[in-house]
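Structure first, commentary second.
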Amino acid sequence: MSATEQFIQQLIFGLSNGMIIALIALGYSMVYGIVDLINFAHGDLFMLGTFLALTLVGLVLGLLGVNPQHITPLATFLGILVMLVVCPPFCAGLNWSIDRLAYRRLRNAPKLAPLVAAIGVSFILMNLGQFWGGLPMDVFGQGKAAAAPKNFPDLVPATNLLTKIGLTSNIRFTWKDLMVWSVTLPLLVLLTVVVKFTRLGKAMRATAQNPVAARLMGIDTERVIGSTFLIGGGLAGFASVIYSLYNNTIYFQLGYRSGMDAFTAAVLGGIGNLPGAALGGIVIGLVRAMSDQYVATIWTNTIVFGILVLILVFRPSGLLGARAREKV
Amino acid sequence: MDVLCVENLHAGYGPIEVLKGISLVVRQGEIVTIIGANGAGKTTTLMCISGIVRAREGSIVFQGRQIENLPAHQVVRLGICQSPEGRKIFPRLTVQENLEMGGYAVASPAAVKSGIERAFELFPILKDRRNQAGGTLSGGEQQMLAVARAMMGQPKLLLLDEPSLGLAPLIVVKIFEAIRKLNAEGIAVLLVEQNARMALKLAHRGYVMETGSIVMSDKAEVLLNDQRVKDAYLGK
Ligand SMILES: Nc1ncnc2c1ncn2[C@@H]1O[C@H](COP(=O)(O)OP(=O)(O)OP(=O)(O)O)[C@@H](O)[C@H]1O
Ligand SMILES: [Mg+2]
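Now the structure itself:
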């Protein structure tokens, strides 16, 4: 593999992982934008999504009598379909419920209160994940080692599509990459359209920019906030499905790991800024891939969190921080 | 007929009681003004009517319906719209989108569209700025937008909190003209103003508020010529 090929390969890697980070980062950013809360439980919500995804795949494989080592096209099709139908609504509903039960009653409390609540919810979800990993199912290794990483059946083949279309190079762009891109890109477009042009999207922006004025306009801001948690959770649900299919390993601290990446991405893009969060996710994905290749994997986390610290110190409003400032 | 009838209203923030049992009415077709010193509780009164600040005691009746402590978004749907103190424009929504938000509670999209056309007739400058972010407008333009935005909700009662604050005299005249025009179309107006002279000239009746209580109420021209009002609020 030539140096150029290696570089392009890392670009593809970075983009695919970055898109997954972007979907999670959007959930941080949307919620922060509208209720000024860093929802530390968001990464763990994503983690629970991956556990649900694995459970669903286990059920589908069991139902079809398919061995996880020898996946059939039908198992792939049904598995992905079921996950995409079930996981996003599950994460959306869970996120909405968490807001309803824990954050909503703290809406007018000092900012530290909901933040601490979010950390608490994060622990609860993480422990739920650990418990879930101990379920006596085949896909969870019969639950013998609850905390151990779980193998996610390889539903999407890693066949190189570039050689299939006749390109002869060492660069690999597989079904997995295609799957990630073809789930993420439409979602990003859809979200942009919703936020920019729909009545709900405008109400979300209005509520984020001035909640009292939004209420004076007749906007039921609590409902709008609930919808924001729904949408952010749904995106985390999609992320959980494609992450599992792309990386094939999940574990109960995954939310913390991916959550920190996504949070960094959201801050990088200017927290509260949605295009910024998407862009930040892709940048973090690329930085990770390049650092893994050209520095050393053990330095990657240091580099990512170094970036977080640098932004917070030198440019707290992020790369695309809010542009038009309020006039008083 | 009374459009709005507030009786013995108490409200405050935390341990502080700001409104100590105020009563006031706005009748059909009237412009009523509340004047008073800084911190008297005028803004609190309007926010209480709009459902943003909780009423601790007393009643607010709008068109025969008890509305105290109704959620704010439902108050708007009954026909009470407010242009709040400090304008509270959505800074990163365009002028057009700000107006659309004003019509959020209006069911028919056609009505929202014609409302926007009307707003542009009332304040033509807004039409030139329609695709500009609200936060980039000048103070006066923002104030026009705030009044126009409140109009978008098709109010039966319009609450205006210091619409002339910080504006050049020419623009104040423009905004007051607009208020008179709206009132002539049958919208009742409750106007809070620092500029007591102009407010009393525009209004039919006025209330004078001092530290959370109404201390005087009369026809506007009577208040304009009252020695105590002259000394305290009209200057010169
Ligand atoms: N959010 C709040 N929290 C605590 N106290 C408040 C709050 N808002 C207003 N107050 C207090 O309530 C009192 C009345 O305030 P309000 O804004 O109603 O006065 P106002 O008559 O509108 O004054 P101004 O003419 O300066 O606008 C003031 O003493 C103010 O300090
Ligand atoms: Mg005031």
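In the order they appear, the protein sequences are chains A and B. Our numbering puts the first residue of the first sequence at -10, with every later residue one more than the last. Our numbering puts the first residue of the second sequence at 2, with every later residue one more than the last. C-beta: ideal position from N, C-alpha, C; glycine also.
Identify the continuous alpha helix (DSSP H) that holds residue i and give its terminal residues.
i        : result
B/LYS245 : Chain B is shown from 2 up to 237; residue 245 of chain B falls before or after that span and cannot be answered.
B/HIS74  : 73 to 79
A/ARG194 : 188 to 198
A/TYR17  : -8 to 24
A/SER86  : 62 to 87
B/ILE50  : 43 to 50
A/TYR245 : 243 to 258
B/ALA200 : 197 to 203
B/VAL190 : Looking at the DSSP string, B/VAL190 is not in any alpha helix (DSSP H); the run it does join, the beta strand (DSSP E), is 189 to 193.
A/ALA286 : In the sequence on display, residue 286 of chain A carries Thr and not Ala. Counting along the chain, the alpha helix (DSSP H) containing A/THR286 begins and ends at 286 to 303.
B/VAL173 : 170 to 185
A/LYS100 : From DSSP, A/LYS100 is part of no alpha helix (DSSP H); its letter is neither H nor E.
Under 8 angstroms, Cβ to Cβ, is there at least one residue of chain B near residue i?
i        : result
A/ALA255 : no
A/ARG314 : Residue placement at A/ARG314 cannot be trusted, given a pLDDT of 34 that sits under 50; the coordinates are not used to answer.
A/ALA319 : Residue 319 of chain A is absent from the model: chain A starts at -10 and stops at 317.
A/LEU192 : Looking at the sequence shown, residue 192 of chain A is not Leu but Ala. At least one chain B Cβ lies under 8 angstroms of A/ALA192.
Does the distance from the CB of residue i to the CB of residue j come in under 8 angstroms?
i        : j        : result
B/GLN143 : B/GLY135 : yes
A/GLY244 : A/ALA254 : no
A/SER18  : A/ASN199 : no
B/ILE74  : A/ARG93  : According to the sequence as given, residue 74 of chain B is His; it is not Ile. Contact flag unset, no.
B/TYR208 : B/SER218 : yes
A/PRO146 : A/TRP170 : no
B/MET102 : A/ALA195 : yes
A/ALA197 : A/LEU15  : no
A/VAL201 : B/ILE172 : no
A/THR238 : A/ASN140 : yes
B/VAL76  : B/SER51  : yes
A/LEU257 : A/LEU301 : no
A/ALA225 : A/LEU95  : no
A/PHE227 : A/LEU12  : yes
B/GLY213 : B/GLY42  : yes
B/LEU201 : B/LEU183 : no
A/ILE231 : A/ILE10  : no
B/VAL138 : B/ARG130 : A quick correction: the sequence has Leu, not Val, at residue 138 of chain B. Closer than 8 angstroms, so yes.
B/MET210 : B/GLY37  : yes
B/LEU146 : B/ASN99  : yes
A/ARG277 : A/VAL298 : no
B/ALA111 : B/ALA149 : no
B/CYS82  : B/ALA151 : yes
Taking 7 angstroms as the cut-off, is the CB of residue i close to at least one heavy atom of ligand 3?
i        : result
B/GLU194 : As far as ligands go, the structure on display features ligand 1 and ligand 2 and does not contain ligand 3.
Give a yes or no on whether the minimum CB-CB distance between residue i and chain A is below 8 angstroms.
i        : result
B/LYS89  : yes
B/LEU94  : yes
B/GLU222 : no
B/LEU225 : no
Please report the residue range of the beta strand (DSSP E) in which residue i lies.
i        : result
B/LYS21  : 17 to 28
B/TYR208 : 206 to 211
B/HIS11  : 3 to 14
A/LEU150 : That residue, A/LEU150, is in no beta strand (DSSP E); its alpha helix (DSSP H) goes 150 to 153.
B/THR34  : 32 to 37
B/ASP162 : 158 to 162
B/SER60  : 58 to 63
Stretch-stretch touch, CB-based, cutoff 8 angstroms, three pairs: the stretch 26 to 33 of chain B with the stretch 178 to 194 of chain B: Enough Cβ pairs lie closer than 8 angstroms, so yes.
Note down, in chain order, all residues in the stretch 96 to 125 of chain B with a beta-carbon under 7 angstroms from any beta-carbon belonging to chain A. Cβ contacts with chain A: GLU98, GLU101, MET102, GLY103, TYR105 and ALA106.
Using a Cβ-Cβ cut-off of less than 9 angstroms, list which residues of the stretch 68 to 86 of chain B approach chain A; keep chain order. Per Cβ criterion, the list reads PRO72, ALA73, HIS74, GLN75, VAL76, VAL77, ARG78, CYS82, GLN83, SER84 and PRO85.
Would you be able to state if there are at least three C-beta pairs under 8 angstroms between the stretch 153 to 169 of chain B and the stretch 106 to 114 of chain B? Enough Cβ pairs lie closer than 8 angstroms, so yes.
Under 8 angstroms, CB to CB, which of the residues in the stretch 194 to 226 of chain A have a partner in chain B? Here the close residues are ARG194, ALA195, GLN198, ASN199, VAL201, ALA202, ALA203, ARG204, LEU205, MET206, GLY207, ILE208, ASP209 and THR210.
Relative to chain B, which residues along the stretch 257 to 271 of chain A have a C-beta separation below 8 angstroms, given in chain order? Cβ contacts with chain B come from no residue of the stretch 257 to 271 of chain A.
Would you check if there are 3 or more beta carbon pairs closer than 8 angstroms linking the stretch 36 to 44 of chain A to the stretch 68 to 84 of chain A? Enough Cβ pairs lie closer than 8 angstroms, so yes.
Any C-beta of chain A within less than 8 angstroms: which residues of the stretch 4 to 37 of chain B qualify? Here the close residues number zero.
Members of the stretch 47 to 58 of chain B near chain A, C-beta cut-off 9 angstroms: Under the 9 angstroms Cβ criterion, the stretch 47 to 58 of chain B contributes MET48, SER51, GLY52 and ILE53.
Against chain A: residues of the stretch 145 to 165 of chain B by CB proximity under 7 angstroms: So the list reads GLY154, given in the order they occur along the chain.
Taking three-plus beta-carbon pairs below 8 angstroms as touching, is the stretch 2 to 11 of chain A in contact with the stretch 167 to 182 of chain A? Contact holds: three or more Cβ-Cβ distances are below 8 angstroms.
Contact the stretch 283 to 291 of chain A vs the stretch 21 to 32 of chain A: 3+ CB pairs below 8 angstroms: Output reads no: the stretch 21 to 32 of chain A does not touch the stretch 283 to 291 of chain A.
Is the stretch 54 to 64 of chain A touching the stretch 75 to 83 of chain A in the sense that three or more CB pairs, one from each, lie closer than 8 angstroms? Taking a cut-off of 8 angstroms on C-beta distances, the stretch 75 to 83 of chain A does not touch the stretch 54 to 64 of chain A, as fewer than three cross pairs fall below it.
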